[in-house]
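In this note's numbering, the protein residues as written are 1 to 691.
We put the beta carbon where it would ideally sit given N, CA and C, even for glycine.
See structure below.
Now the structure itself:
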C-alpha cells in the first residue's frame, strides 16, 4: 500500500516523477481529460445559467476505474496536471470523479520535470484554483455555443463536416483579407541609383540619397535622368563621415509563439510538430546515467521571465565556457507585452549544463535540433550584448549626394552562440568600408539606375500568422497549433509554398459568418473576449456573466441566420477528363491530404486518382515517360517517372529541361538556404544560387 497517489496527465511524465519521489509515492496517468461535454449534443443548459453537462469521455472508463482503485488505497492524493488553465480543469474533473475536496491541499504544480523542482513542489501543495477552472470552463462553453450552433447551419446550407470556431474563423478571415489585399494591390514605380566607388585600390558601394542635403525619392525615369544630368564628372568628395559604436542586445528566451516562429524559420518545422517535440522534451528523455529527465521547462507560456536559479547557473556556465567579457553584467528588463499572462517562466533548458553535445546520443534528430534551438536561444539571452562598429559616409558631386553605410562586429557577445532568424531569411553580414575621411575623394566605377515596383504584402506563413494573432491578442499559446491544423483539415485554406492560400470553400463559409455572425470574426471583439477570459482567471469577473453577455446578441443572430441563410451550392470543379470505369466526368475533391480527383458519379462509382502534375521534362532513365511531381507518405514532394513501376526513376530535386553543359547529364534545382541552385546529378557542375 502506497502512502501517496499522484495523478499526472501522461505515462511518460508519470515514470519520471515516480523515480524522483521514491517508494512512498505511486504515480499514475489520467491520459488527459477524464470528463468533458458530450460530443452527441450541446451539453450546455442555456436556460439554467449555462450549466455544463459533463460525462466520462468514451474509452476513459477503465482509466478512471484504475485511478479510483488506487485512490482507495492511498492516504493522500495529489493532482499534478500541467500548470495552466487546461491542467487546472483536468485536476478539477479528477477531484470530482474521485470525491476529493477541491479546497484541500491536493493540487501540485511544477514548471519543469527535474528532481529539485518536483520535490520542492510537493512541499507547497494548494487547493484547486477555481478561477483558473472557471476561465477554462468559460472558453469551453463559449466555443461549444458557437460551434454547436453555427456548424449544423453550415452543414445544412453548405456541406457536411464544416465547423466554425471563434479563433479559427478569425484566422481564416485574416488569410482571406491578406489574399484580397494582394489581389487589389496596385504596384507603384520607384527607382534607385547604385554606384560602385573606388578609392585607391579599395572599392565600395553607395546609393543615391538626395540633393542639397535633403532626401529625394525617385518615382520615374525622368527623375533619374534629372539627377544624372546634375552629375559633373566621376569624382565625388567625402562631405561627412559618421562613426558610431552600437550595442545589439540578444533576443529574450522563447515563449510558445516565438518558439513556433523560430522553429519554422530555422528548422522548417510546422507549429504542430514543434509542439509535439517540445512536449517530449518537457515530459522527459532517458539520458543514460541520469535516467529520464525533463530537458526543457513547460512549453505553453507567453512570458520571457527566467528564475534567479536558472540565471545564476547560466552565468556560471558562460563564465566558464566563454570568459568574463561574454557574461551579462547588467540586469535586463524585457518589455512585457500587453496581453501577457506571465503565469510561467520562459521556455528554457532545465539545466544550461546539459548542452546539446552532451545529450546528442539520446535524442532523435528532430528532438536534438529543437533542443539546440531552445538551449542556444536561452544561453545567448543571458550573455553580454554584441558591439557593432557602424560607419556612414556622404559623397557629393555638385548638389547630388550619395551615401554609403557599413558595419562590422567589433565584439560578438551573445552572437557567439546564437542569432535570431528573420522572416525573409536574410542574415546580417559585415559590410566593411575602406578608411575614409572628410575631404577625401572617390571615383565612380559604375553608376547603375534600376527600376522597381512596390510589392504586395506577403501571404501568411504559419510563423507570421502566429505572430500576428499574438500581437492582436487573439488566442493563447495553447491554441495556435490546433487552430492552424483545424483550418487546413476543414479545407478552408491550403499551404502553397509554405504560405496560406484560402480556398473557395473558406471564402464561402467566411462570407456567411460575416453576414450573419459579424462578432465572431471581428478581430477587436475576439481580442476583448480573450481579455475577459483572463479577467475570469484573475478573479475579476464571473464566467456566467461573460457568457450571458455574449449569448444575448448571439442568439438573435442565430435566429436570423436560421430564417434567412440561403443554401449555397458549391459547383464541382471539373478535372477535364473522364472516369476510366464509367465514363462520367472526373471532378476535383478536397480530402485530408489535399486535392484529388474523384468520379462525379459517386456513390455509384467510387473511382479516385491522384492529381498528376507534369513539369515538362522527359524521363532521363527510360526516355519514354514524363517526370511528374509526387508526394511521399510524409507529404514531402519528390519527382518520378509516370511509367512507374516499369521505370523507377526518382529525384528529391526538381529536374529541368536543360542538359548539363559539361556531361550532358540531368540538371536539377536544389533548394538551399541562400536560394535555388542548378546542379548536375552526374558530375560536379553547379551554377550560382538564385533567390
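Asked                                                                                                                             : Found
Beta-carbon separation (whole angstroms), residue 49 vs residue 544, contact threshold 8 Å                                        : 5 Å
Environment of residue 23 [buried if 16+ CB atoms lie within 10 Å]                                                                : exposed
Nonlocal neighbours in the same chain, by C-beta distance under 6 Å from residue 607, ignoring five residues either side          : 579, 581, 599
Endpoints, the alpha helix (DSSP H) within which residue 279 is located                                                           : 271–283
Beta strand (DSSP E) segments (min. 3 residues) lying fully within the segment 352–408                                            : 386–397
Chain-order list of residues whose beta-carbon lies under 6 Å from that of residue 338 (same chain, five-residue window excluded) : Because the pLDDT of residue 338 is 48, which lies under 50, any placement of that residue in the model is unreliable, and the question is left without a value.
Whole-angstrom distance between residue 109 and residue 323, CA atom to CA atom                                                   : 36 Å
8 Å Cβ cutoff met for residue 457 and residue 189                                                                                 : no
Residue 368 beta carbon less than 8 Å from that of residue 267                                                                    : no
Sequence ranges, beta strand (DSSP E) only - wholly within the segment 106–189, length at least 3                                 : none
Same chain, Cβ closer than 8 Å to residue 342, neighbours up to 5 away in sequence not counted                                    : In this prediction, residue 342 has a pLDDT of 46, which is less than 50 and means its spatial position is unreliable; what the coordinates show is noted afterwards. For residue 342, where only same-chain residues beyond five positions count, the Cβ hits under 8 Å are 302, 303, 305, 336.
Nearest candidate by alpha-carbon position, reference residue 697, set 453, 362, 520, 589                                         : With the chain running from 1 to 691 in the structure shown, residue 697 is simply not present.
Ordered list of beta strand (DSSP E) runs contained in the segment 426–497, each at least 3 residues                              : 441–453, 493–496
Enclosing alpha helix (DSSP H) for residue 230 [first to last residue]                                                            : 221–230
Residue 25 - containing alpha helix (DSSP H), residue span                                                                        : Careful: residue 25 lies outside any alpha helix (DSSP H), inside the beta strand (DSSP E) at 25–29.
Pair within 8 Å by beta-carbon distance, residue 413 and residue 386                                                              : yes
Rounded separation between residue 319 and residue 327 - CA only                                                                  : 6 Å
Alpha-carbon to alpha-carbon, residue 506 and residue 112                                                                         : 40 Å
Given 8 Å, three or more beta-carbon pairs between the segment 126–138 and the segment 40–49                                      : no
Beta-bridge pairing of residue 680 - partner residues as DSSP gives them                                                          : 667
Where residue 577 sits in the DSSP three-state scheme                                                                             : strand
Range covered by the alpha helix (DSSP H) that runs through residue 85                                                            : 85–97
Residue range of the alpha helix (DSSP H) that includes residue 505                                                               : 504–516
Residue 304 in three-state terms, based on DSSP                                                                                   : coil
Sequence-distant residues of the same chain with beta carbon closer than 7 Å to residue 340, five excluded per side               : Here residue 340 scores only 47 on pLDDT, less than 50, and its place in the model should not be relied on; the value that follows carries that caveat. Once the five neighbours on either side are set aside, the close Cβ partners of residue 340 are 302, 303.
Proximity to residue 407 [Cα-Cα], best of 77, 394, 388, 396                                                                       : 388
Span of the beta strand (DSSP E) around residue 615                                                                               : 613–618
Helix, strand or coil at residue 292 [DSSP, three-state]                                                                          : strand
Cβ pair residue 125, residue 106 closer than 8 Å                                                                                  : yes
Contact under 8 Å by Cβ, residue 492 with residue 172                                                                             : yes
Length of the line joining the Cα atoms of residue 577 and residue 615                                                            : 19 Å
Nearest-angstrom Cα separation, counted from residue 550 out to residue 100                                                       : 33 Å
Beta-carbon spacing of residue 34, residue 14 below 8 Å                                                                           : no
Three-way DSSP call (helix, strand, coil) for residue 413 in this model                                                           : helix
Straight-line gap, residue 511 to residue 282 (C-alpha atoms, nearest Å)                                                          : 41 Å
Boundaries of the alpha helix (DSSP H) in which residue 554 is found, first to last residue                                       : 543–564
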